[in-house]
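Residue numbers for the sequence shown follow the numbering used here, beginning at 251 and rising by one.
For glycine and all other residues, C-beta sits at the position ideal for the given N, C-alpha and C.
Below: one structure, written as structure tokens.
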Amino acid sequence: MLLFPTLVGIITLNFFIVQLAPGGPVDQMIATIMGQDTGASTRIAGAQSGPQTGSITTQYAGAQGLDPELIKAIEKQFGFDKPLHERYFKMLKDYLVFDLGESYFQNRPVLDLIKERLPVSISLGLWSMLLVYLISIPMGVAKAVRDGTRFDAWTSGMIFVGYAVPSFLFAVFLIVLLAGGSYLDLFPLKGLTSNNFEDLSLFGKVADYFWHMVLPVTALTIGGFATLTMLTKNSFLDEISKQYVLTARAKGINQKRVLYGHVFRNAMLIVIAGFPAALVGVLFTGALLIEVIFSLDGLGLLGFEAVLRRDYPIMFGTLFTFTLIGLLLTLVGDITYTLVDPRIDFETREA
Numbered sequence: 251m252l253l254f255p256t257l258v259g260i261i262t263l264n265f266f267i268v269q270l271a272p273g274g275p276v277d278q279m280i281a282t283i284m285g286q287d288t289g290a291s292t293r294i295a296g297a298q299s300g301p302q303t304g305s306i307t308t309q310y311a312g313a314q315g316l317d318p319e320l321i322k323a324i325e326k327q328f329g330f331d332k333p334l335h336e337r338y339f340k341m342l343k344d345y346l347v348f349d350l351g352e353s354y355f356q357n358r359p360v361l362d363l364i365k366e367r368l369p370v371s372i373s374l375g376l377w378s379m380l381l382v383y384l385i386s387i388p389m390g391v392a393k394a395v396r397d398g399t400r401f402d403a404w405t406s407g408m409i410f411v412g413y414a415v416p417s418f419l420f421a422v423f424l425i426v427l428l429a430g431g432s433y434l435d436l437f438p439l440k441g442l443t444s445n446n447f448e449d450l451s452l453f454g455k456v457a458d459y460f461w462h463m464v465l466p467v468t469a470l471t472i473g474g475f476a477t478l479t480m481l482t483k484n485s486f487l488d489e490i491s492k493q494y495v496l497t498a499r500a501k502g503i504n505q506k507r508v509l510y511g512h513v514f515r516n517a518m519l520i521v522i523a524g525f526p527a528a529l530v531g532v533l534f535t536g537a538l539l540i541e542v543i544f545s546l547d548g549l550g551l552l553g554f555e556a557v558l559r560r561d562y563p564i565m566f567g568t569l570f571t572f573t574l575i576g577l578l579l580t581l582v583g584d585i586t587y588t589l590v591d592p593r594i595d596f597e598t599r600e601a
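Dropping the structure here:
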């Protein structure tokens with residue numbers, strides 16, 4: 251029940267912050283025209299194509315000397331001829347039917363742009379999370395079994411060093427080292443596929459896709475091992491010390507069966523249920539910078555370019571999409587808790 255008001259609250263807060271900030275799309279267009287970009291003024295229907303001499307009073311910096319009718323036409327094109335509250339309620343009404351508007355500068359529906367870019371961001375996040383889980387869970391189990399040994403100490407040191415290195419810094423390091431920088435040229439520098447992707451066979455397309463994904467996925471996952479590994483280790487240590495494990499060992503059940511037949515399922519409850527929240531963290535934090543660095547056409551790069559150009563429909567559209575995905579995955583995480591552990595019952599919680 252809280253999903254809808256939370257979504258509206260986030261959109262509302264960001265709408266008024268962005269709208270009241272200087273350097274909006276009207277200023278961007280005025281700057282383009284004053285930079286003698288003749289193609290810019292031709293996109294404004296009904297406006298005069300050339301600037302006139304003289305001085306006018308305007309709220310836009312850098313608009314001195316432009317025809318007031320031209321400025322009014324620019325405001326009308328971007329919808330700024332209407333009051334702020336009208337633009338806000340119109341946006342909410344359109345978002346209820348998933349009408350995210352049209353890009354100011356790309357002249358395409360924002361929903362179409364998001365549909366094109368969303369699979370890139372989701373695939374990047376899913377591959378990263380899959381790699382993190384495949385490595386962190388076995389390592390966490392091994393650390394729990396060998397708690398206090400040299401293996402435990404060395405692996406803890408390595409994963410926390412990786413956790414301390416920012417993903418974007420490690421991405422730059424990989425580019426310099428392996429993508430034609432100062433050393434080796436083993437992997438492509440940018441993009442998700444090669445230029446001749448359509449001419450490749452099915453196997454060639456799959457190989458080309460994973461070849462391009464190696465560096466961005468590696469950079470995105472390098473800092474994701476610490477939290478999940480230590481969570482797995484501590485969950486196992488907590489379960490191993492419980493009475494039912496001691497009873498199983500006293501009955502003569504071998505160590506492997508105790509660990510994987512009794513402890514594993516109970517210890518993995520919190521780890522499995524936390525997957526949706528972990529995916530949200532990957533999509534909302536590191537993926538944006540990784541997409542920018544490797545020029546991957548995902549939602550992160552789309553939103554970043556929209557911020558630079560003040561393309562408000564794309565900015566709010568990507569924000570709406572990220573927020574909606576995040577809230578839904580949070581709900582999925584809560585439901586997962588009840589599925590993996592039937593003892594959890596939110597309805598019978600005491601005050």
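Span separating the alpha-carbon of residue i from that of residue j
{"i": "L427", "j": "A414", "result": "20 Å"}
{"i": "D488", "j": "V391", "result": "12 Å"}
{"i": "L252", "j": "A403", "result": "43 Å"}
{"i": "G412", "j": "D344", "result": "44 Å"}
{"i": "L558", "j": "K455", "result": "33 Å"}
{"i": "P563", "j": "R515", "result": "46 Å"}
{"i": "G474", "j": "F418", "result": "13 Å"}
{"i": "L465", "j": "E366", "result": "22 Å"}
{"i": "I585", "j": "E319", "result": "56 Å"}
{"i": "R499", "j": "D397", "result": "18 Å"}
{"i": "F265", "j": "F453", "result": "46 Å"}
{"i": "I503", "j": "L496", "result": "10 Å"}
{"i": "Y510", "j": "L381", "result": "21 Å"}
{"i": "Y338", "j": "I540", "result": "32 Å"}
{"i": "E555", "j": "T568", "result": "11 Å"}
{"i": "S371", "j": "G550", "result": "7 Å"}
{"i": "F254", "j": "M341", "result": "15 Å"}
{"i": "G621", "j": "V467", "result": "Not covered by the structure: residue 621. The range shown for the chain is 251 to 601."}
{"i": "P359", "j": "F401", "result": "54 Å"}
{"i": "E588", "j": "V521", "result": "Here residue 588 turns out to be Thr, not Glu, going by the sequence shown. C-alpha separation (whole angstroms): 13 Å."}
{"i": "L263", "j": "R507", "result": "53 Å"}
{"i": "G423", "j": "Q505", "result": "Note that residue 423 is Phe in the sequence shown here, rather than Gly. Answer to the nearest angstrom: the Cα atoms are 42 Å apart."}
Three-state secondary structure (DSSP) of residue i
{"i": "P563", "result": "helix"}
{"i": "P438", "result": "coil"}
{"i": "P359", "result": "strand"}
{"i": "G583", "result": "helix"}
{"i": "A469", "result": "helix"}
{"i": "T292", "result": "Residue placement at T292 cannot be trusted, given a pLDDT of 39 that sits under 50; the coordinates are not used to answer."}
{"i": "L529", "result": "helix"}
The alpha helix (DSSP H) enclosing residue i, as first and last residue numbers
{"i": "T497", "result": "Q493 to A500"}
{"i": "I490", "result": "F475 to I490"}
{"i": "R400", "result": "R400 to A414"}
{"i": "V268", "result": "L253 to L270"}
{"i": "P425", "result": "What sits at residue 425 in the sequence shown is Ile, not Pro. S417 to L428 is the span of the alpha helix (DSSP H), which, as asked, contains I425."}
{"i": "A514", "result": "Note that residue 514 is Phe in the sequence shown, not Ala. It spans F514 to A517 - the alpha helix (DSSP H) in which F514 sits, taken as one unbroken run."}
Cβ distance (whole Å) where residue i is taken to contact residue j below 8 Å
{"i": "F437", "j": "I472", "result": "About 15 Å separates the two Cβ atoms, so there is no contact after all."}
{"i": "F544", "j": "A517", "result": "Not a contact, Cβ separation roughly 36 Å."}
{"i": "A537", "j": "L470", "result": "6 Å"}
{"i": "L374", "j": "L579", "result": "Not a contact, Cβ separation roughly 15 Å."}
{"i": "I364", "j": "T482", "result": "Actually they do not touch by this definition, with Cβ atoms about 35 Å apart."}
{"i": "V268", "j": "M565", "result": "7 Å"}
{"i": "L529", "j": "M379", "result": "5 Å"}
{"i": "L257", "j": "T573", "result": "6 Å"}
{"i": "V276", "j": "F330", "result": "6 Å"}
**Q.** Complete runs of the beta strand (DSSP E) confined to the region 342-388 [at least 3 residues]
**A.** Counting whole runs of 3 or more residues, the region 342-388 contains no beta strand (DSSP E) stretch at all.
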